[in-house]
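Numbering (our numbering), first residue to last: 58 to 589. Read through the structure below, which is laid out as C-alpha coordinates, and then see the notes.
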(Lines of atoms letter the chains of each structure in order from A and count residues from 1; the text may use other names and numbers.)
(Lines give C-alpha, C1' and ligand atoms only; values in the text may rest on other atoms or scores of the structure.)
Protein backbone atom coordinates (compact mmCIF):
# COMPACT_ATOMS: atom_id res chain seq x y z
CA UNK A 1 0.00 0.00 0.00
CA UNK A 2 1.44 3.38 -0.99
CA UNK A 3 2.31 6.02 1.60
CA UNK A 4 -0.14 8.46 0.05
CA UNK A 5 -3.00 5.97 0.31
CA UNK A 6 -2.15 5.25 3.93
CA UNK A 7 -2.36 8.97 4.65
CA UNK A 8 -5.72 9.20 2.94
CA UNK A 9 -7.04 6.22 4.89
CA UNK A 10 -5.85 7.79 8.14
CA UNK A 11 -7.54 11.05 7.20
CA UNK A 12 -10.77 9.17 6.57
CA UNK A 13 -10.58 7.34 9.90
CA UNK A 14 -9.87 10.52 11.84
CA UNK A 15 -12.68 12.41 10.14
CA UNK A 16 -15.21 9.68 10.83
CA UNK A 17 -14.02 9.37 14.42
CA UNK A 18 -14.47 13.11 14.91
CA UNK A 19 -18.03 12.87 13.61
CA UNK A 20 -18.76 9.96 15.94
CA UNK A 21 -17.40 11.82 18.95
CA UNK A 22 -19.37 14.93 18.03
CA UNK A 23 -22.64 13.00 17.66
CA UNK A 24 -22.12 11.09 20.89
CA UNK A 25 -21.28 14.26 22.83
CA UNK A 26 -24.47 16.03 21.82
CA UNK A 27 -26.83 13.16 21.11
CA UNK A 28 -29.16 14.44 23.82
CA UNK A 29 -29.67 17.54 21.66
CA UNK A 30 -30.67 15.65 18.53
CA UNK A 31 -33.98 16.61 17.00
CA UNK A 32 -35.75 19.85 16.25
CA UNK A 33 -36.37 21.99 13.20
CA UNK A 34 -33.88 24.48 11.87
CA UNK A 35 -35.30 27.38 9.88
CA UNK A 36 -33.02 29.09 7.39
CA UNK A 37 -33.58 31.89 4.91
CA UNK A 38 -33.43 31.13 1.18
CA UNK A 39 -32.95 34.50 -0.50
CA UNK A 40 -34.06 34.70 -3.21
CA UNK A 41 -36.18 31.64 -3.99
CA UNK A 42 -34.14 29.03 -5.90
CA UNK A 43 -35.00 28.76 -9.61
CA UNK A 44 -34.75 24.97 -9.25
CA UNK A 45 -33.11 22.33 -7.07
CA UNK A 46 -30.76 21.12 -9.79
CA UNK A 47 -27.20 21.86 -8.63
CA UNK A 48 -25.90 19.78 -11.52
CA UNK A 49 -27.30 22.40 -13.94
CA UNK A 50 -26.78 25.69 -12.13
CA UNK A 51 -24.47 27.16 -9.50
CA UNK A 52 -27.07 29.75 -8.49
CA UNK A 53 -26.49 30.68 -4.85
CA UNK A 54 -29.99 29.82 -3.59
CA UNK A 55 -29.71 26.36 -5.16
CA UNK A 56 -26.35 25.91 -3.46
CA UNK A 57 -27.88 26.77 -0.11
CA UNK A 58 -30.41 23.93 -0.24
CA UNK A 59 -29.08 21.20 -2.53
CA UNK A 60 -25.95 20.13 -0.54
CA UNK A 61 -28.25 19.06 2.28
CA UNK A 62 -29.82 16.60 -0.21
CA UNK A 63 -26.82 15.53 -2.31
CA UNK A 64 -23.30 14.46 -1.39
CA UNK A 65 -20.03 15.04 -3.21
CA UNK A 66 -17.04 12.76 -3.29
CA UNK A 67 -15.20 15.06 -0.87
CA UNK A 68 -15.75 17.87 1.59
CA UNK A 69 -13.15 20.38 2.81
CA UNK A 70 -12.24 21.32 6.35
CA UNK A 71 -11.83 24.88 7.57
CA UNK A 72 -8.17 24.78 6.48
CA UNK A 73 -9.29 23.79 2.95
CA UNK A 74 -7.96 20.23 3.25
CA UNK A 75 -10.05 17.55 1.50
CA UNK A 76 -11.92 15.15 3.78
CA UNK A 77 -13.99 12.06 2.92
CA UNK A 78 -17.60 12.15 1.86
CA UNK A 79 -18.87 9.58 -0.66
CA UNK A 80 -15.20 8.80 -1.27
CA UNK A 81 -13.87 7.00 1.82
CA UNK A 82 -10.30 7.30 0.52
CA UNK A 83 -8.42 8.25 -2.64
CA UNK A 84 -5.02 7.87 -4.23
CA UNK A 85 -3.37 9.96 -6.95
CA UNK A 86 -0.80 8.16 -9.10
CA UNK A 87 2.77 9.47 -9.20
CA UNK A 88 2.29 10.82 -12.73
CA UNK A 89 -1.01 12.50 -11.79
CA UNK A 90 -2.90 10.70 -14.56
CA UNK A 91 -4.97 8.36 -12.41
CA UNK A 92 -7.08 9.12 -9.36
CA UNK A 93 -8.60 6.10 -7.63
CA UNK A 94 -11.54 6.67 -5.29
CA UNK A 95 -12.69 3.99 -2.87
CA UNK A 96 -16.33 4.71 -2.11
CA UNK A 97 -18.32 4.38 1.08
CA UNK A 98 -20.14 1.06 1.39
CA UNK A 99 -23.82 0.64 2.22
CA UNK A 100 -24.93 4.02 0.85
CA UNK A 101 -28.44 4.24 -0.59
CA UNK A 102 -30.32 6.90 -2.47
CA UNK A 103 -33.32 8.48 -0.79
CA UNK A 104 -35.61 6.22 -2.85
CA UNK A 105 -33.87 3.12 -1.48
CA UNK A 106 -31.80 2.25 -4.55
CA UNK A 107 -28.12 1.40 -3.86
CA UNK A 108 -25.43 3.96 -4.62
CA UNK A 109 -22.45 2.70 -6.60
CA UNK A 110 -19.47 3.68 -8.72
CA UNK A 111 -21.78 3.68 -11.75
CA UNK A 112 -23.47 6.78 -10.30
CA UNK A 113 -20.08 8.49 -9.99
CA UNK A 114 -19.14 7.64 -13.56
CA UNK A 115 -22.51 8.84 -14.90
CA UNK A 116 -22.50 12.04 -12.81
CA UNK A 117 -19.07 13.16 -13.98
CA UNK A 118 -19.04 12.02 -17.61
CA UNK A 119 -22.68 12.43 -18.64
CA UNK A 120 -23.92 15.27 -16.46
CA UNK A 121 -21.26 17.55 -14.92
CA UNK A 122 -18.88 17.51 -17.91
CA UNK A 123 -21.73 18.37 -20.26
CA UNK A 124 -24.27 20.49 -18.40
CA UNK A 125 -22.73 22.05 -15.29
CA UNK A 126 -21.46 25.64 -15.61
CA UNK A 127 -18.01 24.77 -14.26
CA UNK A 128 -17.89 21.01 -14.83
CA UNK A 129 -16.36 21.19 -18.32
CA UNK A 130 -13.35 22.96 -16.77
CA UNK A 131 -13.18 21.01 -13.52
CA UNK A 132 -13.18 17.70 -15.37
CA UNK A 133 -11.69 18.77 -18.70
CA UNK A 134 -8.80 16.31 -18.40
CA UNK A 135 -10.95 13.34 -17.35
CA UNK A 136 -11.11 11.10 -20.42
CA UNK A 137 -12.88 8.16 -18.80
CA UNK A 138 -13.84 6.63 -15.47
CA UNK A 139 -13.39 2.92 -14.85
CA UNK A 140 -15.71 1.11 -12.42
CA UNK A 141 -14.12 -2.30 -11.73
CA UNK A 142 -16.51 -2.84 -8.83
CA UNK A 143 -19.34 -1.06 -7.05
CA UNK A 144 -17.08 0.82 -4.64
CA UNK A 145 -14.18 1.78 -6.92
CA UNK A 146 -14.11 4.68 -9.39
CA UNK A 147 -10.88 5.24 -11.31
CA UNK A 148 -10.55 8.63 -13.01
CA UNK A 149 -8.29 8.50 -16.08
CA UNK A 150 -6.81 11.88 -17.01
CA UNK A 151 -5.22 13.08 -20.23
CA UNK A 152 -2.96 15.42 -18.23
CA UNK A 153 -2.50 16.09 -14.51
CA UNK A 154 -5.26 18.27 -13.07
CA UNK A 155 -4.56 18.96 -9.39
CA UNK A 156 -7.27 21.64 -9.34
CA UNK A 157 -9.88 18.90 -9.84
CA UNK A 158 -9.37 17.75 -6.26
CA UNK A 159 -10.70 21.14 -5.11
CA UNK A 160 -13.92 20.73 -7.07
CA UNK A 161 -15.51 17.65 -5.53
CA UNK A 162 -17.87 19.06 -2.89
CA UNK A 163 -21.62 18.50 -2.95
CA UNK A 164 -22.10 22.11 -3.99
CA UNK A 165 -19.54 22.06 -6.78
CA UNK A 166 -19.91 18.50 -8.11
CA UNK A 167 -22.98 16.74 -6.72
CA UNK A 168 -23.21 13.02 -7.38
CA UNK A 169 -26.63 12.33 -8.89
CA UNK A 170 -28.70 9.13 -9.34
CA UNK A 171 -28.00 7.42 -12.64
CA UNK A 172 -31.23 5.42 -12.41
CA UNK A 173 -33.32 8.61 -12.40
CA UNK A 174 -31.48 10.54 -15.13
CA UNK A 175 -30.10 8.04 -17.63
CA UNK A 176 -31.85 8.25 -20.98
CA UNK A 177 -33.66 11.48 -20.09
CA UNK A 178 -33.27 15.09 -21.13
CA UNK A 179 -31.00 16.25 -18.30
CA UNK A 180 -32.20 19.85 -18.49
CA UNK A 181 -35.89 18.87 -18.33
CA UNK A 182 -35.81 15.89 -15.98
CA UNK A 183 -38.22 15.87 -13.03
CA UNK A 184 -35.28 15.53 -10.65
CA UNK A 185 -34.73 19.30 -10.83
CA UNK A 186 -37.91 19.91 -8.84
CA UNK A 187 -38.04 16.65 -6.91
CA UNK A 188 -34.43 15.89 -5.95
CA UNK A 189 -33.25 12.49 -4.76
CA UNK A 190 -29.80 12.32 -3.21
CA UNK A 191 -27.69 10.39 -0.73
CA UNK A 192 -27.38 13.29 1.68
CA UNK A 193 -28.52 13.80 5.27
CA UNK A 194 -31.88 15.34 4.41
CA UNK A 195 -34.64 14.19 2.07
CA UNK A 196 -36.69 16.54 -0.04
CA UNK A 197 -40.33 16.56 1.13
CA UNK A 198 -42.13 19.63 -0.16
CA UNK A 199 -41.65 22.90 -2.02
CA UNK A 200 -44.46 25.39 -1.51
CA UNK A 201 -43.51 28.03 -4.05
CA UNK A 202 -43.08 31.48 -2.63
CA UNK A 203 -43.17 30.18 0.95
CA UNK A 204 -40.77 27.39 1.91
CA UNK A 205 -38.82 24.25 1.03
CA UNK A 206 -39.00 21.41 3.53
CA UNK A 207 -36.31 18.77 4.03
CA UNK A 208 -36.68 15.95 6.55
CA UNK A 209 -34.06 13.78 8.25
CA UNK A 210 -32.77 10.87 6.16
CA UNK A 211 -33.26 8.01 8.61
CA UNK A 212 -31.04 5.79 6.46
CA UNK A 213 -28.13 8.22 6.18
CA UNK A 214 -24.84 6.41 5.79
CA UNK A 215 -23.12 8.33 8.61
CA UNK A 216 -24.03 6.68 11.91
CA UNK A 217 -25.92 8.94 14.29
CA UNK A 218 -26.37 11.74 11.78
CA UNK A 219 -28.00 14.03 10.94
CA UNK A 220 -28.96 15.49 14.29
CA UNK A 221 -31.76 17.76 13.14
CA UNK A 222 -35.19 16.31 12.35
CA UNK A 223 -35.94 18.88 9.70
CA UNK A 224 -34.66 21.89 7.80
CA UNK A 225 -37.11 24.47 6.50
CA UNK A 226 -35.79 27.00 3.98
CA UNK A 227 -38.15 29.96 4.10
CA UNK A 228 -38.57 32.34 1.19
CA UNK A 229 -38.96 35.88 2.56
CA UNK A 230 -38.68 38.46 -0.25
CA UNK A 231 -38.82 41.58 1.93
CA UNK A 232 -35.49 42.50 3.55
CA UNK A 233 -37.00 44.13 6.64
CA UNK A 234 -39.18 41.07 7.24
CA UNK A 235 -36.12 38.82 7.05
CA UNK A 236 -34.34 40.97 9.61
CA UNK A 237 -37.36 40.96 11.92
CA UNK A 238 -37.65 37.17 11.64
CA UNK A 239 -34.01 36.78 12.64
CA UNK A 240 -34.34 39.25 15.49
CA UNK A 241 -37.42 37.50 16.91
CA UNK A 242 -35.89 34.02 16.70
CA UNK A 243 -38.39 32.94 14.04
CA UNK A 244 -35.48 31.91 11.82
CA UNK A 245 -32.12 30.53 12.89
CA UNK A 246 -29.82 31.17 9.94
CA UNK A 247 -29.26 33.62 7.12
CA UNK A 248 -26.22 33.58 4.82
CA UNK A 249 -24.96 35.34 1.68
CA UNK A 250 -26.43 38.71 2.59
CA UNK A 251 -29.88 37.39 3.47
CA UNK A 252 -29.78 39.91 6.31
CA UNK A 253 -28.69 43.25 4.78
CA UNK A 254 -25.38 44.52 6.10
CA UNK A 255 -27.04 47.71 7.31
CA UNK A 256 -29.11 45.57 9.72
CA UNK A 257 -26.22 43.28 10.64
CA UNK A 258 -24.42 46.27 12.17
CA UNK A 259 -27.26 46.53 14.68
CA UNK A 260 -28.05 42.83 15.20
CA UNK A 261 -24.49 41.75 15.90
CA UNK A 262 -24.62 43.49 19.29
CA UNK A 263 -27.49 41.30 20.49
CA UNK A 264 -26.58 38.46 22.87
CA UNK A 265 -28.68 35.84 21.09
CA UNK A 266 -27.41 36.59 17.57
CA UNK A 267 -24.03 35.74 16.11
CA UNK A 268 -22.30 36.99 12.97
CA UNK A 269 -19.42 35.30 11.16
CA UNK A 270 -17.48 35.57 7.92
CA UNK A 271 -16.30 31.94 8.22
CA UNK A 272 -17.38 29.34 5.70
CA UNK A 273 -16.64 31.23 2.50
CA UNK A 274 -12.96 30.39 2.05
CA UNK A 275 -13.53 28.08 -0.91
CA UNK A 276 -15.56 30.41 -3.07
CA UNK A 277 -13.76 33.78 -3.42
CA UNK A 278 -16.83 35.80 -4.48
CA UNK A 279 -16.32 38.74 -6.83
CA UNK A 280 -18.91 41.44 -7.60
CA UNK A 281 -18.70 42.44 -11.26
CA UNK A 282 -20.26 43.81 -14.43
CA UNK A 283 -20.76 41.61 -17.49
CA UNK A 284 -21.15 43.21 -20.93
CA UNK A 285 -22.55 41.99 -24.20
CA UNK A 286 -19.35 42.61 -26.16
CA UNK A 287 -20.94 41.65 -29.48
CA UNK A 288 -23.13 44.72 -29.97
CA UNK A 289 -23.27 48.47 -29.43
CA UNK A 290 -22.51 50.26 -27.31
CA UNK A 291 -20.40 47.77 -25.37
CA UNK A 292 -18.52 46.29 -28.29
CA UNK A 293 -16.23 49.24 -27.56
CA UNK A 294 -13.49 48.21 -25.15
CA UNK A 295 -12.82 51.92 -24.56
CA UNK A 296 -16.31 52.24 -23.08
CA UNK A 297 -15.80 49.18 -20.89
CA UNK A 298 -12.43 50.54 -19.71
CA UNK A 299 -13.98 53.94 -18.98
CA UNK A 300 -16.62 52.34 -16.78
CA UNK A 301 -13.92 50.56 -14.79
CA UNK A 302 -11.95 53.79 -14.42
CA UNK A 303 -14.94 55.76 -13.17
CA UNK A 304 -16.34 53.33 -10.55
CA UNK A 305 -15.63 54.21 -6.93
CA UNK A 306 -15.11 50.71 -5.59
CA UNK A 307 -14.37 51.78 -2.04
CA UNK A 308 -17.58 53.82 -1.95
CA UNK A 309 -19.57 50.70 -2.79
CA UNK A 310 -17.89 48.75 -0.01
CA UNK A 311 -18.23 51.50 2.59
CA UNK A 312 -21.74 52.71 1.85
CA UNK A 313 -23.64 49.68 0.55
CA UNK A 314 -21.78 46.74 2.09
CA UNK A 315 -20.76 48.67 5.22
CA UNK A 316 -17.07 47.97 5.11
CA UNK A 317 -17.16 44.31 4.15
CA UNK A 318 -15.10 43.71 1.01
CA UNK A 319 -11.95 44.74 -0.81
CA UNK A 320 -11.66 46.71 -4.09
CA UNK A 321 -10.95 44.57 -7.13
CA UNK A 322 -7.57 45.24 -8.74
CA UNK A 323 -7.51 42.63 -11.50
CA UNK A 324 -9.52 40.05 -13.38
CA UNK A 325 -8.49 37.64 -10.62
CA UNK A 326 -8.91 37.77 -6.86
CA UNK A 327 -6.03 38.87 -4.68
CA UNK A 328 -6.65 35.71 -2.67
CA UNK A 329 -4.71 33.89 -5.40
CA UNK A 330 -1.58 35.73 -4.29
CA UNK A 331 -0.28 32.85 -2.12
CA UNK A 332 -0.52 30.63 -5.22
CA UNK A 333 1.53 33.12 -7.24
CA UNK A 334 -1.37 33.65 -9.63
CA UNK A 335 -2.43 37.22 -8.87
CA UNK A 336 -1.07 40.35 -10.55
CA UNK A 337 -2.55 43.86 -10.07
CA UNK A 338 -3.69 45.25 -13.41
CA UNK A 339 -4.17 48.51 -15.23
CA UNK A 340 -7.62 50.11 -15.49
CA UNK A 341 -8.39 49.25 -11.85
CA UNK A 342 -7.58 52.56 -10.14
CA UNK A 343 -7.52 52.89 -6.35
CA UNK A 344 -9.92 55.81 -6.68
CA UNK A 345 -12.15 56.81 -9.61
CA UNK A 346 -10.57 58.78 -12.43
CA UNK A 347 -13.48 60.37 -14.26
CA UNK A 348 -11.24 62.75 -16.21
CA UNK A 349 -9.20 59.86 -17.61
CA UNK A 350 -12.41 57.99 -18.47
CA UNK A 351 -13.85 60.94 -20.39
CA UNK A 352 -10.56 61.53 -22.20
CA UNK A 353 -10.48 57.86 -23.22
CA UNK A 354 -14.01 58.08 -24.62
CA UNK A 355 -13.23 61.29 -26.50
CA UNK A 356 -10.17 59.66 -28.05
CA UNK A 357 -12.26 56.65 -29.06
CA UNK A 358 -14.72 58.91 -30.87
CA UNK A 359 -17.60 58.38 -28.43
CA UNK A 360 -18.56 62.05 -28.32
CA UNK A 361 -21.40 63.37 -26.11
CA UNK A 362 -24.52 64.81 -27.71
CA UNK A 363 -26.06 68.15 -26.80
CA UNK A 364 -27.32 66.69 -23.53
CA UNK A 365 -23.92 65.27 -22.66
CA UNK A 366 -24.98 61.67 -23.42
CA UNK A 367 -22.48 59.40 -25.17
CA UNK A 368 -24.44 56.14 -24.86
CA UNK A 369 -27.68 54.80 -23.40
CA UNK A 370 -28.26 51.31 -22.06
CA UNK A 371 -30.26 49.16 -19.67
CA UNK A 372 -28.37 47.70 -16.74
CA UNK A 373 -29.68 44.42 -15.37
CA UNK A 374 -29.21 43.70 -11.68
CA UNK A 375 -28.80 40.33 -10.00
CA UNK A 376 -32.12 39.89 -8.14
CA UNK A 377 -30.60 38.90 -4.82
CA UNK A 378 -31.71 41.75 -2.59
CA UNK A 379 -31.76 45.43 -1.83
CA UNK A 380 -27.98 45.87 -1.76
CA UNK A 381 -27.89 45.14 -5.49
CA UNK A 382 -30.67 47.64 -6.17
CA UNK A 383 -28.63 50.27 -4.35
CA UNK A 384 -25.57 49.36 -6.40
CA UNK A 385 -27.68 49.90 -9.51
CA UNK A 386 -28.72 53.34 -8.31
CA UNK A 387 -25.06 54.18 -7.70
CA UNK A 388 -24.12 53.02 -11.20
CA UNK A 389 -26.88 55.13 -12.73
CA UNK A 390 -25.54 58.25 -11.02
CA UNK A 391 -21.83 57.51 -11.47
CA UNK A 392 -22.05 56.62 -15.15
CA UNK A 393 -23.82 59.90 -15.90
CA UNK A 394 -20.47 61.58 -15.13
CA UNK A 395 -18.98 59.96 -18.24
CA UNK A 396 -22.06 60.44 -20.40
CA UNK A 397 -23.55 56.95 -20.08
CA UNK A 398 -27.28 57.07 -19.39
CA UNK A 399 -28.52 53.93 -17.66
CA UNK A 400 -31.96 52.54 -16.92
CA UNK A 401 -32.29 49.88 -14.23
CA UNK A 402 -33.98 46.50 -14.66
CA UNK A 403 -34.61 44.18 -11.71
CA UNK A 404 -36.51 40.94 -12.40
CA UNK A 405 -37.16 37.61 -10.70
CA UNK A 406 -34.38 35.02 -10.77
CA UNK A 407 -35.67 32.71 -13.56
CA UNK A 408 -36.43 35.66 -15.86
CA UNK A 409 -33.03 37.23 -15.19
CA UNK A 410 -31.14 33.98 -15.77
CA UNK A 411 -32.98 33.36 -19.02
CA UNK A 412 -32.45 36.92 -20.25
CA UNK A 413 -28.71 36.97 -19.61
CA UNK A 414 -27.57 33.39 -20.21
CA UNK A 415 -30.16 31.89 -22.56
CA UNK A 416 -31.44 34.78 -24.68
CA UNK A 417 -28.41 37.12 -24.51
CA UNK A 418 -30.99 39.90 -24.26
CA UNK A 419 -28.98 42.35 -22.18
CA UNK A 420 -26.38 45.11 -22.51
CA UNK A 421 -24.64 45.14 -19.14
CA UNK A 422 -25.39 43.05 -16.09
CA UNK A 423 -24.38 43.46 -12.45
CA UNK A 424 -23.66 40.06 -10.93
CA UNK A 425 -21.22 38.18 -8.75
CA UNK A 426 -19.18 35.10 -9.59
CA UNK A 427 -17.25 32.68 -7.43
CA UNK A 428 -13.62 32.56 -8.49
CA UNK A 429 -13.17 29.50 -6.25
CA UNK A 430 -9.81 28.06 -5.12
CA UNK A 431 -8.25 27.88 -8.58
CA UNK A 432 -8.76 29.98 -11.75
CA UNK A 433 -9.38 26.89 -13.87
CA UNK A 434 -12.53 26.22 -11.89
CA UNK A 435 -13.81 29.73 -11.25
CA UNK A 436 -12.28 32.22 -13.71
CA UNK A 437 -11.86 30.38 -16.98
CA UNK A 438 -15.62 30.10 -17.54
CA UNK A 439 -15.80 33.89 -17.94
CA UNK A 440 -13.39 34.24 -20.82
CA UNK A 441 -12.86 31.06 -22.83
CA UNK A 442 -14.42 30.88 -26.28
CA UNK A 443 -15.47 27.33 -25.42
CA UNK A 444 -17.43 28.78 -22.51
CA UNK A 445 -19.89 30.57 -24.79
CA UNK A 446 -22.54 27.99 -23.91
CA UNK A 447 -25.96 29.44 -24.56
CA UNK A 448 -28.45 28.34 -21.92
CA UNK A 449 -25.82 27.54 -19.29
CA UNK A 450 -25.82 30.06 -16.42
CA UNK A 451 -22.74 31.79 -15.04
CA UNK A 452 -20.40 31.29 -17.96
CA UNK A 453 -19.21 33.53 -20.82
CA UNK A 454 -22.36 35.61 -21.38
CA UNK A 455 -20.18 38.41 -22.79
CA UNK A 456 -19.48 36.13 -25.76
CA UNK A 457 -15.92 37.34 -25.54
CA UNK A 458 -13.51 35.48 -27.80
CA UNK A 459 -9.77 36.05 -28.02
CA UNK A 460 -7.52 33.25 -29.39
CA UNK A 461 -4.58 34.50 -27.35
CA UNK A 462 -6.65 34.31 -24.16
CA UNK A 463 -7.86 30.84 -25.11
CA UNK A 464 -4.27 29.67 -25.51
CA UNK A 465 -3.20 31.13 -22.17
CA UNK A 466 -6.16 29.55 -20.40
CA UNK A 467 -5.39 26.15 -21.89
CA UNK A 468 -1.69 26.39 -21.06
CA UNK A 469 -2.21 27.69 -17.53
CA UNK A 470 -4.64 24.90 -16.73
CA UNK A 471 -2.03 22.17 -17.16
CA UNK A 472 1.21 23.96 -16.23
CA UNK A 473 2.71 22.24 -13.19
CA UNK A 474 5.64 24.59 -12.61
CA UNK A 475 4.27 27.29 -10.23
CA UNK A 476 6.61 30.04 -11.46
CA UNK A 477 5.75 29.47 -15.10
CA UNK A 478 2.06 29.19 -14.24
CA UNK A 479 2.24 32.55 -12.48
CA UNK A 480 3.79 34.10 -15.59
CA UNK A 481 1.01 32.71 -17.77
CA UNK A 482 -1.72 34.12 -15.56
CA UNK A 483 0.06 37.48 -15.27
CA UNK A 484 0.00 37.76 -19.06
CA UNK A 485 -3.65 36.74 -19.07
CA UNK A 486 -4.59 39.42 -16.52
CA UNK A 487 -2.82 42.10 -18.56
CA UNK A 488 -4.83 41.22 -21.67
CA UNK A 489 -8.12 41.11 -19.76
CA UNK A 490 -7.39 44.52 -18.22
CA UNK A 491 -7.09 45.86 -21.76
CA UNK A 492 -10.11 44.07 -23.26
CA UNK A 493 -12.32 44.32 -20.16
CA UNK A 494 -15.13 41.94 -21.20
CA UNK A 495 -15.90 41.84 -17.48
CA UNK A 496 -15.24 44.65 -15.01
CA UNK A 497 -14.62 43.37 -11.51
CA UNK A 498 -15.92 45.68 -8.80
CA UNK A 499 -14.88 44.27 -5.44
CA UNK A 500 -13.94 41.07 -3.67
CA UNK A 501 -16.99 40.31 -1.56
CA UNK A 502 -16.99 39.34 2.08
CA UNK A 503 -20.24 37.59 2.90
CA UNK A 504 -21.80 37.56 6.35
CA UNK A 505 -23.67 34.73 8.01
CA UNK A 506 -26.12 35.75 10.72
CA UNK A 507 -27.40 33.03 13.06
CA UNK A 508 -29.25 32.43 16.29
CA UNK A 509 -26.85 31.36 19.02
CA UNK A 510 -29.04 28.30 19.71
CA UNK A 511 -27.88 26.85 16.39
CA UNK A 512 -24.60 24.98 16.82
CA UNK A 513 -22.07 23.40 14.43
CA UNK A 514 -23.50 25.05 11.33
CA UNK A 515 -20.06 26.04 10.01
CA UNK A 516 -17.86 22.96 10.28
CA UNK A 517 -16.41 22.95 6.78
CA UNK A 518 -14.97 25.40 4.29
CA UNK A 519 -18.26 25.16 2.36
CA UNK A 520 -20.11 27.05 5.11
CA UNK A 521 -23.73 27.60 4.10
CA UNK A 522 -23.14 25.26 1.16
CA UNK A 523 -22.33 22.44 3.57
CA UNK A 524 -24.53 19.47 4.48
CA UNK A 525 -25.50 20.60 8.01
CA UNK A 526 -25.49 16.94 9.04
CA UNK A 527 -23.79 17.92 12.32
CA UNK A 528 -25.86 21.03 13.04
CA UNK A 529 -28.01 20.97 16.17
CA UNK A 530 -30.20 23.25 18.24
CA UNK A 531 -29.45 23.90 21.87
CA UNK A 532 -32.79 24.36 23.58
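Positions of the beta carbon are idealized from the N, C-alpha and C atoms, including for glycine.
- One Cα belongs to residue 484, the other to residue 168, and the distance between them is close to 30 Å.
- Unbroken beta strand (DSSP E) runs of no fewer than 3 residues, entirely contained in the region 142-196, are found at 148-153, following chain order.
- The region 190-197 makes no contact with the region 281-291; the number of CB pairs closer than 8 Å stays below 3.
- Beyond the five residues adjoining it in sequence on each side, residue 433 comes within less than 7 Å, by CB distance, of 97, 460, 461, 462, 463, 466 in the same chain, given in chain order.
- Between the beta-carbon of residue 276 and that of residue 251 there is about 7 Å, and that keeps the pair under the 8 Å contact cut.
- Assignment of beta strand (DSSP E) within the region 334-414, counting only whole runs of 3 or more residues, yields 335-341, 375-377 in chain order.
- The alpha-carbon of residue 292 is positioned some 47 Å away from that of residue 530.
- The continuous beta strand (DSSP E) containing residue 457 extends over residues 454-459.
- If you draw a straight line from the Cα of residue 534 to the Cα of residue 235, it comes to about 42 Å.
- Excluding residues up to 5 positions away in sequence, 543, 546 lie with their Cβ nearer than 6 Å to the Cβ of residue 381 in the same chain.
- Residue 405 and residue 443 have their C-alpha atoms roughly 21 Å apart.
- Contiguous beta strand (DSSP E) elements confined to the region 293-337 occur at 323-326, taking only those with 3 or more residues.
- Among the bridge pairs identified by DSSP, residue 282 is matched with 92, 263.
- Around the C-beta of residue 342, 16 or more other C-beta atoms lie within 10 Å, and the residue is accordingly described as buried.
- Under the criterion of beta carbons closer than 8 Å, residue 378 and residue 398 qualify as touching, at roughly 6 Å.
- It is roughly 49 Å from the alpha-carbon of residue 499 to the alpha-carbon of residue 298.
- Under the Cβ criterion (8 Å, minimum of three pairs), the region 345-360 counts as touching the region 547-555.
- The C-alpha of residue 92 lies about 51 Å from the C-alpha of residue 411.
- Counted as a single uninterrupted DSSP element, the alpha helix (DSSP H) harbouring residue 549 occupies residues 532-549.
- According to the DSSP secondary-structure assignment, residue 528 is paired through a beta bridge with no residue.
- Between the alpha carbons of residue 575 and residue 541 lies a distance of about 30 Å.
- Note: residue 430 is bridge-paired with 459, 479 in the DSSP secondary-structure output.
- In this chain, the beta strand (DSSP E) harbouring residue 257 covers 251-257.
- Going by DSSP, residue 207 is part of the beta strand (DSSP E) stretching over 202-207.
- Our two residues, residue 205 and residue 176, have alpha carbons roughly 14 Å apart in a direct line.
- Annotated as distal: residue 441 and residue 470, with beta-carbon spacing of 8 Å or more.
- Annotation: the continuous alpha helix (DSSP H) that includes residue 444 extends over 436-450.
- Residue 573 sits away from residue 209, with the two beta carbons spaced by 8 Å or more.
- Residue 111: member of the alpha helix (DSSP H) spanning 110-115, first to last residue.
- Of 135, 95, 110, the smallest CA-CA separation from residue 583 is found for 135.
- Around the CB of residue 454, 16 or more other CB atoms lie within 10 Å, so the residue is classed as buried.
- With contacts defined as CB atoms closer than 8 Å, residue 100 and residue 109 qualify as a contacting pair.
- Taken through DSSP and simplified to helix, strand or coil, residue 568 comes out as strand.
- Boundaries cannot be given for residue 104, as no beta strand (DSSP E) includes it and DSSP labels it neither H nor E.
- Scanning 95, 324, 506, 126 for the CA closest to the CA of residue 262 turns up 95.
- In the pairwise beta carbon analysis, the region 358-371 is classified as not touching the region 504-517: fewer than three pairs are separated by under 8 Å.
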